[in-house]
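Asker: Order-wise, the sequence lines are chains A and B. Counting in the working numbering, the first sequence runs from 1 upward without gaps. Counting in the working numbering, the second sequence runs from 1 upward without gaps. Ideal Cβ placement from N, Cα and C applies to all residues, glycine included.
Protein chains: 2
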Amino acid sequence: MGQESIRVLVVEDHHVVRQGLVALLNVVDGIEVVGEAADGVEAITQFRKHRPDITLIDLRLPRMAGVDVIQRVRMETPQSRFIVLTTYDGDEDIYRALQAGARAYLLKGMTTDELIATIRTVHAGKSHIPPAIAQRLAERMGTEELTPREFDVLEQIVRGKSNKEIATELEISEATVKTHINSLLGKLGVTDRTQAATAAIQRGIVPLESLRKPTP
Amino acid sequence: MGQESIRVLVVEDHHVVRQGLVALLNVVDGIEVVGEAADGVEAITQFRKHRPDITLIDLRLPRMAGVDVIQRVRMETPQSRFIVLTTYDGDEDIYRALQAGARAYLLKGMTTDELIATIRTVHAGKSHIPPAIAQRLAERMGTEELTPREFDVLEQIVRGKSNKEIATELEISEATVKTHINSLLGKLGVTDRTQAATAAIQRGIVPLESLRKPTP
DNA sequence: AATCCCCTCCACCTGACGATTGACTGCCTC
DNA sequence: GAGGCAGTCAATCGTCAGGTGGAGGGGATT
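(1) Excluding sequence positions up to five away, which residues of its chain have a Cβ less than 7 Å from the Cβ of residue 161/B?
(2) Taking the beta carbon of residue 111/A as the centre, do at least 16 other beta carbons fall within 10 Å, making it buried, or is it exposed?
(3) Can you list the residues of chain B that residue 13/A reaches, using a CB-CB cut of under 8 Å?
(4) So for residue 1/B, helix, strand or coil by DSSP?
(5) Can you pull the chain A neighbours of residue 41/B, defined as C-beta to C-beta under 7 Å?
(6) Let's test the definition: count the other Cβ atoms within 10 Å of the Cβ of residue 78/A and tell me whether it reaches 16, buried, or not, exposed.
(7) DSSP three-state call for residue 199/A: helix, strand or coil?
(8) Could you work out which residue in 64/B, 103/B, 140/B and 139/B is closest to residue 126/B when comparing CA atoms only?
(9) When the Cα of residue 52/B is compared with those of 72/B, 80/B and 62/B, which residue comes out closest?
(10) Please list the segments of the alpha helix (DSSP H) lying wholly inside the region 77-155 of chain A, counting only runs of 4 or more residues, in order along the chain.
(11) Put residue 11/B into one of helix, strand or coil per three-state DSSP.
(12) Do residue 54/A and residue 122/A have their C-beta atoms within less than 8 Å of each other?
(13) In angstroms, rounded to a whole number, what distance separates the CA positions of residue 153/A and residue 74/A?
(14) Taking 8 Å as the cut-off, decide whether the C-beta atoms of residue 17/B and residue 16/A are in contact.
(15) When DSSP builds the beta bridges, which residues end up paired with residue 217/A?
(16) Thinking C-alpha only, which one of 66/A, 113/A and 114/A is nearest residue 99/A?
(17) Check the DSSP bridge columns for residue 209/A and list the partner residues they point to.
(18) Here's the rule I'm using: 16 or more other beta-carbon atoms within 10 Å means buried, otherwise exposed. How should residue 96/B be labelled?
(19) Would you kindly report the start and end of the unbroken beta strand (DSSP E) that includes residue 33/B?
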């Protein structure tokens with residue numbers, strides 16, 4: 001193997017998974033793990049230090065979200081290449097990651113071969129989106145974006161608030177809340193608030209973790 | 001190290017994670033990975049073959065759920081010891097796993113030291129439940145169980161069905177649906193169907209995956 | 001300036017939801 | 001066989017949610 005190895009940075013907060021990735025990749029010819037990071041901030045530091053060819057990154061990270069890391073790094077280094085690796089596939093995350101400049105999106109359930117093939121593909125300058133995910137993206141297309149205010153209302157709905165409570169929380173009238181709800185129901189393609197809530201969770205518009213506890 | 005190693009079976013469907021676990025454990029003195037399985041059925045086969053001291057097992061598995069594997073194996077081999085390892089911590093899963101006879105419950109975000117310490121603790125015959133999870137269990141206590149029918153109704157609620165639709169689906173009158181809803185709202189400690197839906201998802205009473213698509 | 005979109009609000013109306021009370025059946029357990 | 005629990009259903013009632021249509025102000029774009 002006279003040729004150079006693909007230099008990979010692994011960003012993943014779960015120790016076990018990170019260890020697994022590193023162990024897997026280090027035995028592959030032509031791939032070399034040059035660094036590891038367990039959170040978003042460290043990821044940026046490691047990137048600047050090692051300038052990897054490929055960065056394998058989880059989206060849910062402590063300190064700084066994966067999407068933000070991608071965006072930030074790509075501002076400094078536009079030719080940098082990211083492969084997003086995540087457990088759950090909320091549509092919203094996929095969309096935002098690709099928007100931010102990720103070249104590929106893989107689920108942690110993939111096979112080793114898939115992972116390696118994807119790394120090679122992306123290193124060759126191409127993109128790789130699994131069919132299942134491509135389909136979800138396609139479905140998302142044509143779906144209108146929620147406005148910031150509609151998002152606020154949706155978040156409160158998921159929290160189980162009534163229209164009156166939402167009005168108080170956001171300091172607007174109940175009539176306005178109804179207007180937003182009417183609008184967001186249409187955009188989400190659902191007919192009532194319960195469907196809106198589950199759709200929001202499923203698509204990752206409102207992350208589940210954000211529900212545990214208060215609105216500061 | 002003249003003493004015998006702790007013999008561990010690793011059951012986990014995500015290749016990367018399984019690889020990570022094996023790689024981690026195999027470098028530890030006194031622990032030996034004797035087998036691996038990627039689904040529930042294989043897990044049972046492997047258990048019978050290797051008779052491990054400790055089985056590390058994920059709850060969400062193809063072909064047969066982790067909880068069922070634990071139950072099944074413990075019927076044949078009551079002295080077998082299980083450590084449950086999972087990504088997300090739906091209260092319901094924790095509860096059922098411990099009911100089924102698991103001795104410990106760990107999140108995949110744990111440190112290597114935690115994992116090893118837990119294996120040793122469990123091998124010594126003790127149990128190990130992290131404080132955060134113990135608290136969630138405590139909160140769950142005092143919560144009444146849902147009846148099968150209430151569960152059916154709750155599932156439909158999460159699917160976004162109206163009372164009338166639920167009545168049709170379950171072939172009962174709308175009045176009965178209301179009765180069940182009233183009852184389950186009380187048991188879940190919530191005041192309306194939207195809160196019931198999010199609570200059901202959060203606690204893992206109704207798994208998110210079950211929402212993608214139909215009721216056969 | 002004209003247009004578009006977002007946010008805000010009002011009024012009205014209908015149907016759905018949730019609370020309450022009560023009642024009948026079947027099953028299991030004691 | 002008495003009690004308890006789950007499941008079924010009914011009637012009533014107040015409230016809330018969602019649909020419709022309209023309206024005004026402000027910011028951005030063109």
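Answerer: Taking the coordinates as given:
(1) 169
(2) exposed
(3) Counting only Cβ-Cβ distances below 8 Å, residue 13/A has contacts in chain B at 109, in chain order.
(4) At residue 1/B the pLDDT is 49, less than 50, meaning the model places this residue with poor confidence; the figure from the coordinates comes in the next sentence. If DSSP states are grouped into helix, strand and coil, residue 1/B belongs with coil.
(5) Per Cβ cutoff of 7 Å: no residues; residue 41/B is ~17 Å from chain A at best.
(6) Here residue 78/A is exposed, its C-beta having fewer than 16 other C-beta atoms within 10 Å.
(7) helix
(8) 103/B
(9) 80/B
(10) 91-100, 112-123 and 131-140
(11) strand
(12) yes
(13) 32 Å
(14) yes
(15) This structure cannot speak to residue 217/A, because chain A is shown only from 1 to 216.
(16) Closest option to residue 99/A, Cα to Cα, is 66/A.
(17) DSSP output for residue 209/A lists no bridge partner at all.
(18) So residue 96/B counts as buried.
(19) 31-37
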